[in-house]
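What follows is one structure encoded as structure tokens, with my remarks underneath.
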Amino acid sequence: MKPLLSVWIDLLKEASERRWILAIAAGITLILLTMACALQLDVVDGALAATRFFGKPIRTDIGAVDQTLRPLFEAVSDLLYYGSLTIGIFVSADFGPSLLEPGRIEQLLALPLRRWELLAGTFLGVLTLVLVGNLYASLGVTAILGVKTGYWTVKPVASALMATVAFISLYGVILATSLFVRSASISGTAGFLLFIAGIVASFEKEVAGLFKPGIGRVFFEIICVPLPKIGSLGVFSQDLGYVSLPDWLQVSRLLLGHVLFGGACLMIGLFHFERKDF
Amino acid sequence: MKHRRSIWILLALLLFLGAGWLMTSEFASLSPRRRPPKFPSYMRQDEVVRMVNRKHALMLKAWDSATKAQRENIENQRFDPLLVALSAVRTPRTLLIFEIAALEKLPAVQSLLNCMPKKVKDRALKFKDKTGIDPFTSIERAAVAGDMLLLSGDFSGANWGETFSGFQSEPYGKDGMFYSHSGPNDAGPRGSSFLVWKDEMIVSTDDPEMARRVVDLLEGREGFEKEGFPELDTYGQIYGEISVKDAMEALSDSKDDLAKRFGEAISSVKIHVDASEDVVMTAEMSGEDPDRVNDVAKSMGAALSLLRVKARSDEDRNFTELLDYARIHPEGGSFILDLALPLDFIQRSLSNCRTE
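In order, the protein sequences belong to chains A and B.
The opening position of the first sequence corresponds to residue 11 in the working numbering, with each subsequent residue numbered one higher.
The opening position of the second sequence corresponds to residue -11 in the working numbering, with each subsequent residue numbered one higher.
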């Protein structure tokens, strides 16, 4: 366990030294600060009475804060979910290839580390990075809107956690690809293609309806089966709190499905990594 | 080494299978999301057609001080007889028009009708057999304005002798027939005087003079200025205006002095109810002073919010669902209150009703 932990810490140290990761953190902070300073919400007895952005009145409905701000919370959920997945793909695509850099990999393999520990440590390190970023952004939004409206909800945090779980499946593909082809752009592209395919697969029934019945449609339906349903999880993340009885069995199955898919990709990466000579 | 590698690939296969099973379309596909209610805010195409089809070429007489152009306009334009008849009632008053024929076909109303006690259905059947008037098909619209009730539709199959047995009949105007109780109690209690016009309108009021004025207007003996309700506002299945006094009474239980401020700031309240899918209502309130109107809008928003919180804490599901979509849209000098009851909620609530 200790070697895995040291790989994990090593990756986080490496991330903290990367300027563009710091730039993303600074960007999130800037967005949160802008939101905190520019957004003025006038709440009377739990009802949103007026909204101002940079001092300019915005025409908003007057009603219960949670209902009136529903479009805002839905937009925040979408931004957190899809934004963190997109940024996560580009941020993490480089870690695998840099791990396999000539000189560095030989040095790492010379340490008392097993190969699976090296990969698992990298995987967990990247996930931690994405989780910390997501929690920072979601807790920031929650705090700002909570203080300004008096309406406290864990909805943005739940969306951020769902995004982190969805990212497991994406990073599984990114890391496995980088083990086959040591290229940040190719592994990043593989992750991005899975991201798109995962959204399309979530609308399987609708998309399948566009195909004529036959082999093409059957092929599409078969391909969709193992794909992570990223769009479905996104819809649940947006609906949280507004659907009176969310189907928790469905949500749990989706979350576990993403974890298993990411794990399966990691296993394929390990299969290749174990036999590779450096 | 080779053995361990085969474990990875075996594990990968198992995990893929597991992921595929967990995320099969049965569980992962998106169920249709509940669409937000559509609030009536303008006349739809079918309602425009309905409005146009209702217009008749009536021989109306312009009011005395009308200009030549206004006179020509009144003489050449086609009008909806019900809206003309409603102009007989002086304002301010509460006026509501119910599109009975349209309402009857709607899913929410069907659910309600299915819950109608058998006794009531039997009574309606007996009434139809006796009078030739089917309350569900003969009446197209019903309007309540002040103390007057107007029914419009196709009453050509009506047996008026049976319908008004015990009443004294007297022709009035060209196409009117006045039915009233004989004897000294001519004015009678509310609804005891009826006037039937052209087998297409029944007027019921406790003021016989008002019923006669309706026919005078429709037949061009009394000066006509404008309809009792603007034709472009005849959208939805229930629409009309509420007098400020009646609206204040509805608000009298509210905290602060909301009812008083409402009375001071608001001069007109128009409502539209649409039950095509969910049952939705909009109420447009306007007044002369935009600041005071805006102040009332904010207070009403806060009151609705507090009611919702209270309904939630009291676990009053019906009231909570009604208030979930309650919203106020400020429009500058006016504001619109939206209320909605989702159809699935109505159907759920009425699913266990007893009709015996």
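Where a beta carbon is used, it is the ideal one built from N, C-alpha and C, also for glycine.
Could you round the C-beta distance between residue i and residue j to whole angstroms and report it? I think they count as a contact, below 8 Å.
i	j	result
A:P67	A:A60	7 Å
B:E92	B:D142	At roughly 14 Å, the Cβ-Cβ gap does not stay under 8 Å, so B:E92 and B:D142 are not in contact.
B:L74	B:F212	Not quite, the Cβ-Cβ distance comes to about 12 Å (not below 8 Å), so this is no contact.
A:F177	A:V210	The Cβ separation is near 18 Å, so there is no contact.
B:L292	A:G279	Going by Cβ atoms, the distance from B:L292 to A:G279 rounds to 56 Å, so no, they are not a contact pair.
A:G208	A:I240	3 Å
A:S26	A:P107	Not a contact, Cβ separation roughly 19 Å.
A:D104	A:A194	4 Å
B:A130	B:L83	Actually they do not touch by this definition, with Cβ atoms about 12 Å apart.
A:P236	A:F205	Not quite, the Cβ-Cβ distance comes to about 15 Å (not below 8 Å), so this is no contact.
A:Y161	A:V228	About 48 Å separates the two Cβ atoms, so there is no contact after all.
Can you tell which of the options has the C-alpha that lies nearest to the C-alpha of residue i?
i	options	result
B:S181	B:T193, B:E188, B:P95	B:T193
B:L2	A:F288, A:K286, A:L276	A:L276
A:E284	A:E127, A:L264, A:A168	A:E127
B:E87	B:A263, B:L325, B:L311	B:A263
A:F230	A:L243, A:S247, A:G241, A:S212	A:S212
A:Y91	A:A46, A:S148, A:G201, A:Y181	A:S148
B:G134	B:G216, B:L94, B:L295	B:G216
B:D332	B:L206, B:L220, B:V97	B:V97
A:G273	B:A7, B:R(-8), B:R(-7)	B:A7
B:I121	B:P105, B:V132, B:L139, B:M104	B:L139
A:V101	A:L270, A:L21, A:K286	A:L21
A:F190	A:V245, A:F288, A:G156, A:K215	A:F288
B:S153	B:Y160, B:S144, B:F166	B:F166
Alpha carbon to alpha carbon, how far is residue j from residue i? Give it in angstroms, no decimals.
i	j	result
B:L71	B:V184	16 Å
B:L5	A:K222	28 Å
A:G93	A:A130	25 Å
B:V203	B:P28	32 Å
B:I230	B:T151	32 Å
A:V261	B:M11	10 Å
B:G275	B:N340	44 Å
A:A218	A:L264	20 Å
A:L220	B:F250	55 Å
B:V232	B:R315	20 Å
A:K158	A:Q50	7 Å
A:A35	A:M172	20 Å
B:N102	B:N64	45 Å
B:G164	B:I324	40 Å
B:R116	B:P123	Here residue 116 of chain B is Lys; the residue named in the question, Arg, does not match the sequence. Between B:K116 and B:P123, the C-alpha separation is close to 7 Å.
B:T270	A:T174	42 Å
A:D52	B:L327	22 Å
A:V164	A:A170	10 Å
B:E158	B:E219	32 Å
B:R66	B:L295	46 Å
B:E303	B:Y313	17 Å
B:T119	B:A146	6 Å
A:F63	A:L42	14 Å
A:L109	A:I232	34 Å
B:K107	B:L205	40 Å
A:I115	A:V183	20 Å
B:D283	A:G98	47 Å
A:S16	A:L121	11 Å
Once you ignore the five residues that flank residue i on each side, which residues in its own chain have a CB closer than 8 Å to its CB?
i	result
A:S254	Model confidence at A:S254 stands at a pLDDT of 47, short of 50, so the residue's coordinates are unreliable; what they give is reported in the following sentence. No residues qualify anywhere along the chain.
A:L14	E127, A130, G131, L134
Going along the chain, which residues of its own chain have a beta-carbon closer than 7 Å to the beta-carbon of residue i, five neighbours each way excluded?
i	result
A:D71	T78
B:R81	A133, G134, S231
A:L89	none
B:A299	F307, T308, L311
Looking only at its chain, what residues have a beta carbon closer than 6 Å to the beta carbon of residue i, apart from the 5 residues adjacent to it on each side?
i	result
B:A235	V257
B:R59	A50
B:A247	M236, L239, S240
B:V36	none
B:K186	D163
A:A46	I154
B:E265	L331
- Pull out every residue of the stretch 260 to 274 of chain A whose Cβ sits closer than 7 Å to any Cβ of chain D, in chain order. Absent from the structure is chain D; the protein chains it does hold are A and B.
- Message: At a CB distance below 9 Å, what residues from the stretch -1 to 10 of chain B approach chain A? Give them in sequence order.
- Response: L(-1), A0, L1, L2, L3, F4, L5, G6, A7, G8, W9, L10
- the stretch 65 to 83 of chain A: positions lying closer than 8 Å to chain B by Cβ: R69, D71, I72, G73, A74, V75, Q77, T78
- Message: Any C-beta of chain A within less than 9 Å: which residues of the stretch 286 to 308 of chain B qualify?
- Response: K286, S287, M288, G289, A290, A291, L292, S293, L294, R296, V297
- Could you list the residues in the stretch 113 to 128 of chain B with a C-beta less than 7 Å from some C-beta on chain A, going in chain order? none
- Query: Just by C-beta distance, which residues in the stretch 105 to 139 of chain A are closer than 9 Å to chain B?
  - Reply: W126
- Just by C-beta distance, which residues in the stretch 310 to 343 of chain B are closer than 7 Å to chain A? D312, A314, R315, I316, H317, P318
- Item | Residues from the stretch 178 to 199 of chain B in contact with chain A, defined by Cβ distance under 7 Å | none
- Query: In the stretch 235 to 252 of chain A, which residues sit with their C-beta less than 8 Å from some C-beta in chain B, listed in chain order?
  - Reply: V235, P236, L237, P238, K239, G241, S242, V245, D249
- Item | Contact list for the stretch 164 to 190 of chain A against chain B, Cβ threshold 7 Å | none
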